Amino acid sequence: MDREENESVSRFREYLRINTMQPNPDYDAALCFLQKQASEIGMEFKILESGIEGKPIGLMTLQGLKPELRSILLTSHMDVVPVFPEKWTHEPFSADKDEKGNIYARGSQ
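Under this note's numbering, the final residue of the sequence shown carries the number 344; numbering is consecutive throughout.
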């Protein structure tokens with residue numbers, strides 16, 4: 236981790252380096268990373284079956300301080316679309332960061 240870089244940004248870049256490109260995304264590596272992150276910040280983590288073989292769901296849960304309040308659900312996906320190398324100025328899974336702080340990686344938008 237760069238001493239000047241925020242820890243959240245470093246973690247984000249680490250996640251972006253995991254090749255989850257279709258048609259063969261590395262879900263195991265992505266889930267392992269997410270499980271580690273959940274554990275470090277005190278979140279419960281479960282891997283669920285989606286009903287489609289080979290497409291697991293990672294579920295992270297954080298109990299609120301006031302359980303009587305309504306819940307919130309945030310969703311995302313782990314896989315990314317294929318890369319066309321000729322369209323890239325940086326390696327798609329390098330998570331390079333330029334001097335302005337822009338991060339270049341598939342899935343970083």
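The beta-carbon is built from N, C-alpha and C at its ideal position, and this holds for glycine as well.
Quantities reported herein were computed from a predicted structural model and do not represent experimental measurements.
- Between I282 and G293, the gap from beta carbon to beta carbon is short of 8 angstroms.
- Per the coordinates, the alpha-carbon of P327 lies some 44 angstroms from the alpha-carbon of E303.
- Membership of E279 in the beta strand (DSSP E) is indicated by the continuous run 279 to 284.
- Beyond the five residues adjoining it in sequence on each side, G342 comes within less than 8 angstroms, by CB distance, of L251, T255, V315 in the same chain, given in chain order.
- Looking at the DSSP output, I338 bridges to K332.
- V318 carries a coil assignment under DSSP once its states are collapsed to helix, strand and coil.
- L297 places its beta carbon 8 angstroms or farther from that of F280.
- Judged by DSSP in its simplified three-state form, L269 adopts helix.
- The Cβ-Cβ distance between M295 and P260 does not fall below 8 angstroms.
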